[in-house]
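Asker: Can you keep this structure in mind? I'll have questions shortly.
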Amino acid sequence: MLKLFAAEQLEYYEYGFGYNCDYEFPIMHTHDYWEFFYTLHDVEHIINGVKEIIHKNTIYIIRPKDVHLIKAHEIGTNKGPNIFNIKTTSKALKELTDTLDVNLFDKLCNDGGVHAIISESTASFILKNYVSTLLWSNDINNNLIIIKNAMMIFLTHLYPNFYQISSSSIEQLNEVEDIVKKMNDISNFNKSIKDMSKNSHYSYMQLTRLFKDTTGLTMQDYFLNIKLSYAASQLKLTNDLIENIANEIGISSLSHFNQIFKKKYNMTPGKYRKVKLTKEIK
């Protein structure tokens, strides 16, 4: 029996989290960490001796004690990966779930094969704002926030009845999800956070506290991380003028853009572009 270990498999092991996209994992295996996975296409799944077909847009939780494998339902017909995985240690998962309800972690341990099909709109949100961002971003802090938010979305969809006694928790997470979705929309990069939060059910101050409690970052820092990550990708992938890239993310002062970019990446935008191009040429 193949056994996978968190220390070898989690990209951010020191923080207790990891992620990856796979076509399939057709070898029966177990692991000492949790797996939250989202299916981009239909897959065949065998878990604890039970064979099943998991359809597109399904979210699923695998416990450390579960034994399973995943096969592409129709190998070769899909152009992209079939599965988006989030991996987490028991310690990191418990710390996260305790912020929602102290009983949730025990429930996860006792429930086997927990899964649910999500709506197309939620699936689109996950694909656009989580999977695609994680695949090109090298920003560890931002990626950890994205991973935790994705797990929160999974949990609130998998346990709707569990949260009937604390429906406000779901409402709060939905508010955070909504503002995160807006922040990841390029068309909003020139807008203020106050403008994007006008339709919230909470006041700006309430939403500010809620966002910080949920993500660990202020809305300003979170939004800036997203915009700078986008700017970094544009520097690497395009020949656009640095001034134009700065304007695209809502920063009109080139000197200010240089300052905050250097603070995040330890080099100016111009040097970042040269370093990235040099590495790719080699």
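Using the working numbering, you'd call the opening residue of the sequence shown number 45 and step up by one each time. Glycine included, every Cβ here is placed at the ideal spot set by N, Cα and C.
(1) Identify, in the order they occur along the chain, each residue of the same chain with its Cβ nearer than 6 Å to the Cβ of aspartate 49, setting aside the five sequence neighbours on each side.
(2) Looking only at its chain, what residues have a beta carbon closer than 6 Å to the beta carbon of tyrosine 316, apart from the 5 residues adjacent to it on each side?
(3) For the stretch 94 to 110 against the stretch 157 to 165, do three or more pairs of beta-carbon atoms, one drawn from each stretch, fall closer than 8 Å, so that the two count as touching?
(4) On the criterion of 16 or more Cβ atoms from any shown chain inside 10 Å, does serine 273 qualify as buried, or is it exposed?
(5) What separation, rounded to the nearest whole angstrom, lies between the Cα atoms of isoleucine 209 and glutamate 139?
(6) Using the beta-carbon count (16 or more within 10 Å), is alanine 51 buried or exposed?
(7) Buried or exposed for serine 299, please, with buried defined as at least 16 other CB atoms from any protein chain shown within 10 angstroms of its CB.
(8) Under a three-way DSSP split, which group does tyrosine 67 fall into?
(9) So, do the stretch 53 to 65 and the stretch 106 to 114 have three or more beta carbon pairs nearer to each other than 8 Å?
(10) Is the stretch 246 to 266 touching the stretch 219 to 237 in the sense that three or more CB pairs, one from each, lie closer than 8 Å?
(11) When DSSP builds the beta bridges, which residues end up paired with lysine 131?
(12) Round the Cβ separation of leucine 113 and histidine 73 to the nearest angstrom and send it over; I've been treating them as touching at under 8 Å.
(13) Measure the C-alpha to C-alpha separation of alanine 194 and lysine 307 and round it to an integer number of angstroms.
(14) The alpha helix (DSSP H) with histidine 201 in it runs from where to where?
(15) For the beta strand (DSSP E) containing tyrosine 104, name the first residue and the last one.
(16) Using alpha carbons as the reference points, say which of Ser244, Lys271, His245 and Leu261 lies closest to asparagine 232.
(17) Is glutamine 53 near lysine 131, with beta carbons less than 8 Å apart?
(18) Using three-state DSSP, classify glutamate 96 as helix, strand or coil.
(19) Go through its chain and collect everything with a Cβ distance to cysteine 153's Cβ below 8 Å, but skip five positions before and after it.
(20) How many Å lie between serine 211 and aspartate 229 at the Cα?
(21) Quick check: the Cα distance between isoleucine 197 and glutamine 303, rounded to an integer number of angstroms?
(22) When we look at the beta-carbon of methionine 227 and count the other beta-carbons within 10 Å, is it buried (16 or more) or exposed?
(23) Short of 7 Å in beta carbon distance, which residues of its chain neighbour aspartate 183, apart from the five on each side in sequence? Order them along the chain.
(24) If you follow the alpha helix (DSSP H) that histidine 300 is part of, which residue opens it and which one closes it?
Answerer: So, from the data block:
(1) Checking the sequence shown, residue 49 turns out to be phenylalanine, not aspartate. Counting only Cβ-Cβ distances below 6 Å, and skipping sequence neighbours, we find Asp76.
(2) Leu279 and Tyr309
(3) yes
(4) buried
(5) With a pLDDT of 39 at isoleucine 209, under the threshold of 50, the predicted position of this residue should be treated as unreliable, though the coordinate-derived value follows. Spanning the two alpha carbons is a distance of roughly 20 Å.
(6) exposed
(7) exposed
(8) coil
(9) no
(10) yes
(11) Gly62 and Glu79
(12) 7 Å
(13) 27 Å
(14) 184 to 202
(15) 102 to 106
(16) Lys271
(17) yes
(18) strand
(19) Arg107
(20) At serine 211 the pLDDT is 47, less than 50, meaning the model places this residue with poor confidence and gives no usable figure here.
(21) 35 Å
(22) buried
(23) Asn269 and Ser273
(24) 298 to 309
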